[in-house]
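Participant:
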Amino acid sequence: MAAAAEPGARAWLGGGSPRQGSPTSSPELVAGSRSPSGPGSGPGSGPGSGPGSGPEQAGARPLSPAAPGHSFRKVTLTKPTFCHLCSDFIWGLAGILCDVCNFMSHEKCLKHVKTPCASVAPSLVRVPVAHCFGPRGLYKRRFCAVCRKGLEAPGVRCEATAASATRTGTGTTTRTSTTGARETCLRARAARSAGRLAARPTCWPACAASGAASRTPGSSPRPLPQAHSVCSAALAPECTFGRLRTMVLPPACVRLLSRNFSKMHCFRISESTAPEPGEGEDSVDGSAPAGPGREVMALESSKQTLKIFDGNDAVQRNHFRAITVPRLAKSQEVLEVALRAYYITEDPQGFQLQALPAPALAGNTGASGKAWSGGTTEEEGSRGPGARDAPSITRVPEAWIIRALPRTQEVLKIYPAWLKVGVAYVSLRVTPQSTARTVVLEVLPLLGRQAEGLKSFQLVEVLMGSRQVQRTVLADEEPLLDRLREIRQTSLRQMSQTRFYVAESRVVAPRVSLFVGGLPPGRSPQEYSSLLDEAVASKAGLVSVSHVYSAQGAVVLDVACFAEAERLYMLVRDTAVHGRPLTALVLPDVLHLKLPPHCRPLLVFVNPRSGGLKGRELLCSFRKLLNPHQVFELTNGGPLPGFHVFSQVPCFRVLVCGGDGTVGWVLAALEEMRHRLACPEPAVAILPLGTGNDLGRVLRWGAGYSGEDPFSVLVSVDEADAVLVDRWTILLDAHEAGSGEDSAADAEPPKIVHMSNYCGIGIDAELSLDFHQAREEEPGKFTSRFHNKGVYVRAGLQKMNRSRGLHRALRLQAGRQEVQLPSIEGLIFINIPSWGSGADLWGSESDSRFEKPRMDDGLLEVVGVTGVVHMGQVQGGLRSGIRIAQGSYFRVTLLKAAPVQVDGEPWVQAPGHMIISAAGPKVHMLRKAKQKPRKAGTPKDVRADGAPAPEGDSK
Numbered sequence: 000m001a002a003a004a005e006p007g008a009r010a011w012l013g014g015g016s017p018r019q020g021s022p023t024s025s026p027e028l029v030a031g032s033r034s035p036s037g038p039g040s041g042p043g044s045g046p047g048s049g050p051g052s053g054p055e056q057a058g059a060r061p062l063s064p065a066a067p068g069h070s071f072r073k074v075t076l077t078k079p080t081f082c083h084l085c086s087d088f089i090w091g092l093a094g095i096l097c098d099v100c101n102f103m104s105h106e107k108c109l110k111h112v113k114t115p116c117a118s119v120a121p122s123l124v125r126v127p128v129a130h131c132f133g134p135r136g137l138y139k140r141r142f143c144a145v146c147r148k149g150l151e152a153p154g155v156r157c158e159a160t161a162a163s164a165t166r167t168g169t170g171t172t173t174r175t176s177t178t179g180a181r182e183t184c185l186r187a188r189a190a191r192s193a194g195r196l197a198a199r200p201t202c203w204p205a206c207a208a209s210g211a212a213s214r215t216p217g218s219s220p221r222p223l224p225q226a227h228s229v230c231s232a233a234l235a236p237e238c239t240f241g242r243l244r245t246m247v248l249p250p251a252c253v254r255l256l257s258r259n260f261s262k263m264h265c266f267r268i269s270e271s272t273a274p275e276p277g278e279g280e281d282s283v284d285g286s287a288p289a290g291p292g293r294e295v296m297a298l299e300s301s302k303q304t305l306k307i308f309d310g311n312d313a314v315q316r317n318h319f320r321a322i323t324v325p326r327l328a329k330s331q332e333v334l335e336v337a338l339r340a341y342y343i344t345e346d347p348q349g350f351q352l353q354a355l356p357a358p359a360l361a362g363n364t365g366a367s368g369k370a371w372s373g374g375t376t377e378e379e380g381s382r383g384p385g386a387r388d389a390p391s392i393t394r395v396p397e398a399w400i401i402r403a404l405p406r407t408q409e410v411l412k413i414y415p416a417w418l419k420v421g422v423a424y425v426s427l428r429v430t431p432q433s434t435a436r437t438v439v440l441e442v443l444p445l446l447g448r449q450a451e452g453l454k455s456f457q458l459v460e461v462l463m464g465s466r467q468v469q470r471t472v473l474a475d476e477e478p479l480l481d482r483l484r485e486i487r488q489t490s491l492r493q494m495s496q497t498r499f500y501v502a503e504s505r506v507v508a509p510r511v512s513l514f515v516g517g518l519p520p521g522r523s524p525q526e527y528s529s530l531l532d533e534a535v536a537s538k539a540g541l542v543s544v545s546h547v548y549s550a551q552g553a554v555v556l557d558v559a560c561f562a563e564a565e566r567l568y569m570l571v572r573d574t575a576v577h578g579r580p581l582t583a584l585v586l587p588d589v590l591h592l593k594l595p596p597h598c599r600p601l602l603v604f605v606n607p608r609s610g611g612l613k614g615r616e617l618l619c620s621f622r623k624l625l626n627p628h629q630v631f632e633l634t635n636g637g638p639l640p641g642f643h644v645f646s647q648v649p650c651f652r653v654l655v656c657g658g659d660g661t662v663g664w665v666l667a668a669l670e671e672m673r674h675r676l677a678c679p680e681p682a683v684a685i686l687p688l689g690t691g692n693d694l695g696r697v698l699r700w701g702a703g704y705s706g707e708d709p710f711s712v713l714v715s716v717d718e719a720d721a722v723l724v725d726r727w728t729i730l731l732d733a734h735e736a737g738s739g740e741d742s743a744a745d746a747e748p749p750k751i752v753h754m755s756n757y758c759g760i761g762i763d764a765e766l767s768l769d770f771h772q773a774r775e776e777e778p779g780k781f782t783s784r785f786h787n788k789g790v791y792v793r794a795g796l797q798k799m800n801r802s803r804g805l806h807r808a809l810r811l812q813a814g815r816q817e818v819q820l821p822s823i824e825g826l827i828f829i830n831i832p833s834w835g836s837g838a839d840l841w842g843s844e845s846d847s848r849f850e851k852p853r854m855d856d857g858l859l860e861v862v863g864v865t866g867v868v869h870m871g872q873v874q875g876g877l878r879s880g881i882r883i884a885q886g887s888y889f890r891v892t893l894l895k896a897a898p899v900q901v902d903g904e905p906w907v908q909a910p911g912h913m914i915i916s917a918a919g920p921k922v923h924m925l926r927k928a929k930q931k932p933r934k935a936g937t938p939k940d941v942r943a944d945g946a947p948a949p950e951g952d953s954k
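All the letters of the sequence shown, read from the start, carry residue numbers 0 to 954 under numbering that gives the first Met the number 0.
Laid out in structure tokens, this is it:
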């Protein structure tokens with residue numbers, strides 16, 4: 000067995016020359032990827048022909064180191080076309096097109112192309128990470144990350160990166176968009192703030208097709224859709240996260256043993272309920288299956304369309320890729336077009352096409368037909384799919400399968416996994432006598448680890464699927480050549496997506512943290528254990544309860560077996576206890592002792608149902624900009640899982656994306672979790688997504704989110720100032736209600752709610768209740784803030800002439816003094832100077848009876864309104880409310896049931912008492928800093944307080 004080490008610390012992408020021995024400079028990638036009759040040399044047009052390309056000119060350009068992996072050829076343009084590198088219009092009729100990835104370029108720009116082709120993307124992956132593809136949808140002004148075509152048809156988008164792809168391109172997206180060639184986040188914004196780039200790239204949408212992408216080990220892929228390939232050379236070689244450096248949870252500080260769990264589960268991303276085509280299994284090739292109405296027909300009489308399968312797996316699932324070739328094409332040319340369709344860059348001499356008989360299409364993959372070996376299609380007697388009326392002529396089958404010819408030896412790349420060595424990989428010659436044990440024995444001296452012994456290492460096979468990365472430890476005596484032959488027989492694409500790693504054979508103790516919510520509150524740990532044993536039959540020896548949140552009805556389980564963790568996860572999600580469905584989440588562990596001293600990560604909560612339903616896009620954006628493990632969706636377990644994950648972080652901040660009710664929900668959870676947090680008083684920022692957003696208005700975050708750049712939002716959070724806001728507790732006690740025994744017997748048990756903004760009783764709460772009920776009945780209609788306010792107005796007009804006489808239905812006591820109420824229809828307790836979407840209910844007039852209100856003075860203001868007309872006048876700025884009282888303790892006695900709302904969350908309160916008092920320590924909120932005019936020459940990212948810019952962000 001011959002062995003040769005190829006030095007190179009990491010794969011290469013961007014400016015400068017590739018390092019010797021890196022994947023892009025290895026013999027398999029750079030030394031002309033094809034034989035003289037390579038891609039584009041024949042008259043056949045490959046499947047990647049761009050929309051602006053016409054008949055090709057003769058000859059394919061040789062592959063140069065400046066254009067890694069591309070198969071460029073000169074084409075004649077028939078439509079207006081722009082260069083994907085410089086974004087300028089391509090004048091004339093000639094352009095340079097890559098047959099595989101549709102990269103279009105000027106001939107003069109060809110030497111500057113640094114973006115690797117999709118065909119070589121697997122060799123550029125440092126750490127395999129699967130995508131988190133969401134449901135199919137229409138994405139306007141977006142381009143496929145694989146074929147660079149527009150997403151006119153429904154496409155899929157990764158929820159943790161900027162990758163978008165058509166359904167036929169998802170199998171390659173893992174290799175092009177999730178991982179780049181070096182561990183660098185090439186962010187155009189970070190570069191502009193550092194003074195490296197003068198302006199926003201003007202080549203959109205062309206740069207969307209030619210942008211670079213990369214990732215940091217241990218985290219989600221770091222996207223870069225806006226950096227030019229040429230401009231990437233001006234950026235720092237290593238990623239420092241730019242302005243977000245202190246806000247990002249460092250990937251090295253997160254531990255998650257995710258075996259048996261996909262990235263969708265690990266990142267807590269909601270999965271689509273509707274199955275997508277070809278989703279029965281984790282598709283390797285991502286191609287579209289055949290079916291009624293999807294048969295591919297020839298476009299013109301001079302060409303024919305063939306179905307190409309890449310292995311037995313594709314035949315079983317009927318997943319093929321269609322190619323269009325001339326009827327007079329030679330077999331070698333057809334084979335090259337078929338290989339390009341599957342992004343296979345190996346020498347075509349090692350493959351052949353075999354006709355797929357009808358029994359194989361029906362599921363008999365063992366059957367193989369006649370090989371297509373030599374001669375033209377005309378010589379073989381074919382007149383194409385349309386030649387059915389000539390029985391005397393043998394018709395070329397429409398379905399073919401690519402088969403690899405038997406090999407007596409192969410050159411195999413072995414990667415060092417997480418071993419700290421100075422090479423990217425080593426190449427070994429594998430023979431029929433080679434086993435996993437002998438390969439490891441040969442590799443260790445090349446990596447300088449021979450002194451540690453053979454038993455300390457193992458050979459791991461890694462399949463880099465688009466949806467899940469599968470790892471398999473090979474047995475010591477398994478023949479590698481047979482294993483490679485078996486993989487190629489299954490799928491040629493799978494072979495290109497398979498790697499072999501030498502990893503330390505550590506015995507990792509399985510430990511999975513599983514959050515289970517939706518349980519009955521107020522139980523003991525023993526009761527919760529018994530409840531779970533009864534509901535899901537958890538195994539006592541493998542499952543233990545590590546944390547109990549009795550008030551919220553949630554527990555965190557420590558599972559010491561991967562298979563048991565997967566079983567519990569799937570079972571809990573389909574289980575209901577006492578009529579309530581349970582919630583299951585896989586939670587990571589934050590290694591707080593490894594956090595850098597300057598690190599102050601941001602914990603992000605997003606409510607996708609708030610206001611105009613813009614939370615879904617923000618979820619995707621924040622997962623791209625930050626570590627996905629620090630972004631939580633509130634409709635999936637609430638805020639408790641996020642606070643549990645960050646419970647040991649010594650210093651962090653919180654960003655709540657939602658309306659006033661969502662902010663109150665998170666603040667209430669923070670109040671209950673405060674004694675369990677290492678940072679008991681984290682500052683909370685707001686991104687207003689609701690309808691009123693009164694607290695967001697007071698703290699200068701605006702009246703509502705209107706599509707601002709998420710990166711700018713994070714920068715504003717980093718620059719915000721901390722302020723204090725009073726927090727109030729409302730005790731609802733209905734036991735001493737009204738008169739009569741029946742009303743007392745039906746009274747609700749006492750409960751406590753928290754308040755930050757205001758509490759309303761009467762007409763304003765009744766309007767909020769009507770709006771809440773209408774949204775619950777038809778949530779699909781409440782997709783805009785304007786429509787939501789229209790529903791409020793319509794509900795108010797319907798109640799304009801109604802009179803309930805609220806002053807006769809309740810009594811108010813401020814401190815120990817009884818307060819006489821005027822004739823009112825609504826009683827409102829306000830803590831902030833904003834109510835009903837920004838109205839000043841208290842008013843600005845000075846009054847010697849009361850102090851000037853502030854949101855941190857420990858006092859509540861009590862205001863009355865006389866009806867809907869009065870409320871409309873207050874919101875229009877024509878008048879203010881009726882000032883009634885001011886104090887720190889109030890007792891309200893409800894003589895009959897009345898609607899009540901706290902921070903926008905309404906309900907009908909039974910007769911009884913409401914006691915409002917201060918809730919202990921004030922809550923720390925973040926107020927957006929005022930935008931000060933910058934002087935000429937002042938860097939954009941210098942802070943308003945004069946603090947120096949972070950390292951790496953200055954010019």
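All C-beta atoms in this analysis are idealised placements derived from N, C-alpha and C, irrespective of residue type, glycine included.
This structure is a prediction, so every number in the text was calculated from the model and none was measured.
Going along the chain, which residues of its own chain have a beta-carbon closer than 6 Å to the beta-carbon of Asp588, five neighbours each way excluded?
Facilitator: Only Arg254 meet the Cβ criterion.
Participant: Could you give the residue range of the beta strand (DSSP E) that holds Gln351?
Facilitator: Gln351 -> beta strand (DSSP E) spans 350–354.
Participant: The beta strand (DSSP E) with Gly552 in it runs from where to where?
Facilitator: Where Gly552 is concerned, there is no enclosing beta strand (DSSP E), given that its DSSP letter is neither H nor E.
Participant: Spell out a yes or no on whether the segment 831–851 and the segment 712–722 are touching, meaning 3 or more CB-CB pairs, one atom from each, closer than 8 Å.
Facilitator: Too few Cβ pairs lie closer than 8 Å, so no.
Participant: With a CB to CB cut of under 7 Å and the five nearest residues on each side skipped, what residues in its chain are close to Ser609?
Facilitator: Only Gly657, Gly658, Thr661, Leu688, Gly689 meet the Cβ criterion.
Participant: Ala555 to Glu485, Cα distance in whole Å?
Facilitator: Looking at the sequence provided, one finds Val at residue 555 rather than Ala. Those two C-alpha atoms are separated by around 42 Å.
Participant: Does the pairing of the segment 471–480 with the segment 417–425 give three or more beta-carbon distances under 8 Å?
Facilitator: Contact fails: fewer than three Cβ-Cβ distances are below 8 Å.
Participant: For a minimum of 3 consecutive residues, which ranges assigned as the beta strand (DSSP E) are wholly contained in the segment 439–495?
Facilitator: Within the segment 439–495, the complete beta strand (DSSP E) runs of at least 3 residues are 456–463, 468–472.
Participant: Answer yes if the segment 566–573 comes into contact with the segment 593–610, meaning at least three C-beta pairs across the two stretches below 8 Å, and no otherwise.
Facilitator: As far as the Cβ criterion goes, the segment 593–610 does not touch the segment 566–573, which means the pair count is below three.
Participant: Along the chain, where does the beta strand (DSSP E) containing Cys758 start, and where does it finish?
Facilitator: Residues 757–761.
Participant: Rounding to the nearest angstrom, what Cα-Cα distance links Cys97 and Leu625 in this structure?
Facilitator: Each residue's alpha carbon lies about 34 Å from the other.
Participant: Going straight from the alpha carbon of Ser759 to that of Lys613, what length do you get?
Facilitator: For clarity, residue 759 is Gly in the given sequence; the question names Ser instead. Approximately 27 Å between the Cα atoms of the pair.
Participant: What's the call for Val901, buried or exposed, on a 16-neighbour Cβ count within 10 Å?
Facilitator: It is buried - the Cβ of Val901 has at least 16 other Cβ atoms within 10 Å.
Participant: Once DSSP output is grouped into helix, strand and coil, what is the label at Leu586?
Facilitator: Residue state, collapsed to three classes: strand.
Participant: Starting from Glu904 and walking both ways along the beta strand (DSSP E), at which residues does that stretch end?
Facilitator: 904–908 is the extent of the beta strand (DSSP E) around Glu904.
Participant: For a quick check, are the C-beta atoms of Val873 and Gly863 less than 8 Å apart?
Facilitator: Cβ atoms of Val873 and Gly863: not closer than 8 Å.
Participant: How about the segment 660–678 and the segment 701–708: do they share at least three Cβ pairs that are nearer than 8 Å?
Facilitator: Counting Cβ pairs under 8 Å, fewer than three are found: no touch.
Participant: So is Thr497 buried or exposed if we call it buried at 16+ other beta carbons inside 10 Å?
Facilitator: So Thr497 counts as buried.
Participant: Are the segment 494–513 and the segment 547–566 touching, with three or more C-beta to C-beta distances below 8 Å?
Facilitator: The segment 494–513 vs the segment 547–566: in contact.
Participant: For the 8 Å Cβ check, are there 3 or more pairs between the segment 487–494 and the segment 304–312?
Facilitator: Yes, since at least three Cβ pairs between the segment 487–494 and the segment 304–312 fall closer than 8 Å, the two stretches touch.
Participant: Could you check what DSSP says for Arg774 in three-state terms: helix, strand or coil?
Facilitator: Arg774 falls in the helix class under three-state DSSP.
Participant: What span of residues does the beta strand (DSSP E) with Trp841 cover, start to end?
Facilitator: Element bounds for Trp841: n/a, residue is neither H nor E.
Participant: On the CB-based measure, 16 or more other CB atoms within 10 Å of its CB, does Glu632 come out buried or exposed?
Facilitator: The residue is buried, with at least 16 neighbouring Cβ atoms inside 10 Å.
Participant: Between the alpha carbons of Phe621 and Pro627, how many angstroms are there, rounded?
Facilitator: Roughly 8 Å separates the two Cα atoms.
Participant: Do you know offhand how far Val907's Cα is from Leu243's?
Facilitator: The straight-line gap from Cα to Cα measures roughly 45 Å.
Participant: Buried or exposed: where does Gln469 fall if 16 or more other Cβ atoms within 10 Å of its Cβ makes it buried?
Facilitator: Classification of Gln469: exposed, given that the 10 Å Cβ count is below 16.
Participant: Given Pro431, which residues of its chain have a CB within under 6 Å of its CB, disregarding the five upstream and five downstream residues?
Facilitator: Excluding sequence neighbours, Pro431 sits near Leu480.
Participant: Just to confirm, is the Cβ distance from Thr344 to Val683 under 8 Å?
Facilitator: Contact flag unset, no.
Participant: Does the distance from the C-beta atom of Val425 to that of Leu440 stay below 8 Å?
Facilitator: Not in contact: Val425 and Leu440 (Cβ atoms no closer than 8 Å).
Participant: By the three-class DSSP mapping on this structure, what secondary structure does Asp855 have?
Facilitator: The answer is coil: DSSP assigns Asp855 none of H, G, I, E or B.
Participant: Please state if the CB of Val438 and the CB of Leu458 are separated by a distance shorter than 8 Å.
Facilitator: Yes, the pair counts as a contact, with Cβ atoms nearer than the cut-off.
Participant: Thinking C-beta only, is Pro709 closer than 8 Å to Val665?
Facilitator: It is not a contact, given that the beta carbons lie outside the stated cut-off.
Participant: For Thr114, which option in Gly91, Glu409, Gly94, Val145 has the closest C-alpha, if you only look at C-alpha atoms?
Facilitator: Out of Gly91, Glu409, Gly94, Val145, Val145 has the C-alpha closest to the C-alpha of Thr114.
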